Amino acid sequence: MVSYILKRLAMSLLIIYIVVSLSFFMIRLMPGNPMAALEAQLRMQGGLSEVEIQQRINAVYSVTPDAPVWEQYLRYVWGAVRGDLGRPITNPGTTVVAVIAEALPWTIMVVAVSLIISFVIGIAVGAMMAAFQNSRFSQAVTFVVSFLSAVPSYLVAIALLYVLTSVYQVFPSGGAYGVDVTPGFNGPYLVSVLYHSVLPIAASVITSFGGWALGMKGSAVSVLGAEYVRAAEARGLSDRRITQSYVGRNSMLPMVTQLALSVGFMFGGSVFIETYFQYPGIGFYMIQSVGQRDYSLMMGCFVLITVSVIITNLLVDLLYPLVDPRIANPAARARAADQPADPDQEVLPAGGSMA
Amino acid sequence: MRFLSDLWRILRHDKGALIGGAIVLIYCLAAIFGPMFVEVGNEQDASQAYLAPSWQHPLGTDSLGQGVLSQIIVGTRPIMIVGVLSAVITVFVGVAIGLLTGYVGGVADTVIMRITDIFLTIPGLPLIIVLASVINTTNPVVLAFILSITAWAGLARAIRSQAMSLRSREFVEAAKLQGVSLGNMVGRQLLPNVGPYVAIHFLLAITGAIYASVGLFLLGIAPISGNNWGIMINLAMAQGALYTTDSAFYLFSPMAAIVILQVAFVFFSRALDSVFNPRLRVQ
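If you want it as structure tokens, here you go:
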């Protein structure tokens, strides 16, 4: 168990290191070198001495332009370790980390809530589809669910905006809470936060619960045909016992695995949803910084999105042994990993293939 | 031929898949031949803006008085090119890595699979957005490479596990005894056995690439030039289409074009799935 956790931890740190390095080299190798561009811009403005210009660039990209590349790199990585990702060009008075620290909770809230809601709805609908196989009901639900899971989330966002904020002004069109409430632990503020999060959450639930439902149906159908379910029936166990402890638990396993993979996808999709609903999450700032060529903020958002995804994956990995005790046992895990994946189940990935 | 007759039998019984396949076919034809019959001119006539649908402009006109339908038809080709190219790259890399590592095993397998895990963990869409904004290209091939940057990893993992189970089969043993080359082993012996799985993944990779590429144009990250559905929606939104009902056709037509194509791909891929997986037909 300890080695399982340590391995996951080491892998997570390695990926974070790679992404931080990637962001360093991308800013440097970018065509039109943004650091040189900033330098030229500061010279144009005039009134700054050479040292001041260097200091400004150092503040923005946390890189000293004159130093050799390896020294710049070490400084950058060391800065990232201490939580210094430079300053946004568009607002040098604050730091990239401060901007993100404000935005991240909103994104995590929307992603987590919509992931939980779509997972629960998907599992319930999928189990129902498996229970009433080949009925009219199941066929109709399969159609609707396949349809919804094929629709891009940003189009649902636009449609919701058009109908519910423009034509019928039922929901607010932007922001995380209203201007007339004071942030803090008070009723009106919490209600306002909830009210503003309805549309972003709805847009991602509508497009993602279908994937869960289809996955759960496939998983449950294959478990229904398993020998141990027939054995349980032959032993005369109650239907409830069979559905809960035999079918339910075993068909949930592949779904929990998918949960970890889909976290990254949800964070990616939140970029679109936050942009359209002007929801001040990390994806919103990322797209804004792209538009304003604010590369230090853009890379900071990218690094922090990746770190959030990795931490959530790690949490799912740590919770996984609770659902499947085999996983913490190295021998059983090796056996499971070597087993060929069931092609029926993996064909339609829950949450999309661009994760 | 067996394949085609199987496919037809399945399609005949599954209306959704039949319609899906037909729609995919129509889009392909529109992408290939559309620009020969329809063109989007340069003349702009603001007095013709936001016309209601008519015989001349079946889906109305945009803010510059140009027909929406002709823009959608012309916009099909760039979307399909990027989608298919990206799917080709994704599938090629995924299958090559999956088969090789699964068959060869050992240290190479361990190392490459760790790298694959890294690509699997990094969130794809934010990485694509960063790369696209850094590279800022209009070249469809480069765009296709950016879009497949992480998409191959999941496929490689799935193919690898299939290759591992194939490794111990008799025909592989026999080929090994005959001393066939690695290229022959992977391409001639293993590949045909994962073919069906790859075919379905190819279709799904196209939908994934279309999702992401339209998203890039929508957000204005990929350069806005020429005609495609993402650019149409982007322009419509920028011109305040949300706040006026006049432009509803302009805004919703490209959205419908995307949704119909994506749904058609998914339904058609399901039919392919049951051709290849007879077990699914029984259920």
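In the order they appear, the protein sequences are chains A and B.
Quick note on UniProt numbering: the first sequence kicks off at 1 and runs consecutively.
Quick note on UniProt numbering: the second sequence kicks off at 1 and runs consecutively.
We put the beta carbon where it would ideally sit given N, CA and C, even for glycine.
All of these numbers come straight from a predicted model, not from anything done at the bench.
Scanning A/A150, A/R87, A/S49 for the CA closest to the CA of B/R270 turns up A/A150. Judged by DSSP in its simplified three-state form, A/G218 adopts helix. For the stretch 1-21 of chain A, the beta-carbon criterion of a distance under 9 Å to any beta-carbon of chain B is satisfied by M11, S12, L14, I15, I18, V19. Under the three-state reduction of DSSP output, B/G67 falls in the strand class.
A/A176 and B/G230 have their C-alpha atoms roughly 27 Å apart. What B/L218 touches in chain A, judged by beta-carbon distance under 8 Å, is Y154, F272, going in chain order.
Following the DSSP letters along the chain, one finds B/D117 inside the alpha helix (DSSP H) bounded by residues 106-121. With 16 or more other CB atoms across the displayed protein chains lying within 10 angstroms of its CB, B/L147 is buried. CA-to-CA, the gap between A/W212 and B/V259 works out to about 20 Å.
By the Cβ rule, the stretch 231-240 of chain B does not count as touching the stretch 107-120 of chain A, because fewer than three pairs are nearer than 8 Å.
Burial check for B/S5: the Cβ neighbour count within 10 Å stays below 16, so the residue is exposed. Close partners of B/I122 in chain A (Cβ separation under 7 Å): I15, V19, T306. Taking 7 Å as the cut-off, the Cβ atoms of A/V111 and A/F209 do not count as close.
For B/I10, not one C-beta of chain A is nearer than 7 Å to its own C-beta. Assigned with DSSP and collapsed to three states, B/G179 falls in coil, not helix or strand.
Close to B/Y243, with beta-carbon spacing below 9 Å, are these residues of chain A in chain order: S166. Between the stretch 147-160 of chain B and the stretch 41-52 of chain A there are fewer than three C-beta pairs closer than 8 Å, too few to call the two in contact.
Using a Cβ-Cβ distance cut-off of 8 Å, the stretch 148-164 of chain A and the stretch 273-293 of chain A are in contact, since at least three pairs of beta carbons, one from each stretch, lie closer than that value.
In the structure shown, the three-state DSSP call for A/Y177 is coil.
By the rule that beta-carbons nearer than 7 Å mark a contact, A/Y73 does not touch chain B. In the structure shown, A/S197 adopts helical secondary structure according to DSSP, grouped into three states.
The straight-line gap separating the alpha-carbon atoms of B/A17 and B/A163 is approximately 29 Å.
Under the three-state reduction of DSSP, A/V113 is assigned to helix.
The DSSP-derived three-state label of A/D84 is coil. Close CB contacts of B/A264 within its chain, under the 6 Å cut and outside five residues either way in sequence, are with G20, I23, V24 (chain order). It is roughly 11 Å from the alpha-carbon of B/P78 to the alpha-carbon of B/A30. Ranked by Cα distance from A/M26, the options B/I129, B/L143, B/G34, B/L182 are led by B/I129. Judged by pairs of C-beta atoms under 8 Å, the stretch 244-255 of chain B does not touch the stretch 167-187 of chain B, as fewer than three such pairs exist.
With a threshold of 7 Å between beta carbons, B/Q262 makes contact with chain A.
Here A/V167 is exposed: its Cβ has fewer than 16 other Cβ atoms, across all protein chains shown, within 10 Å. Rounded to the nearest angstrom, the gap between the Cα atoms of A/L74 and A/G83 is 14 Å.
A/S296 does not reach chain B, its nearest Cβ partner there being about 12 Å away, counting only Cβ pairs nearer than 9 Å.
Taking 7 Å as the cut-off, the beta carbon of A/F272 is found no closer than this to the beta carbon of B/G34.
For B/P140, no CB of chain A lies under 7 Å from its own CB, so it is not counted at the interface with that chain. The three-state reading of DSSP puts A/L48 in coil, since its state is none of H, G, I, E or B.
Taking 8 Å as the upper bound for CB-CB distance, B/I118 and A/I310 are not in contact here, some 10 Å apart.
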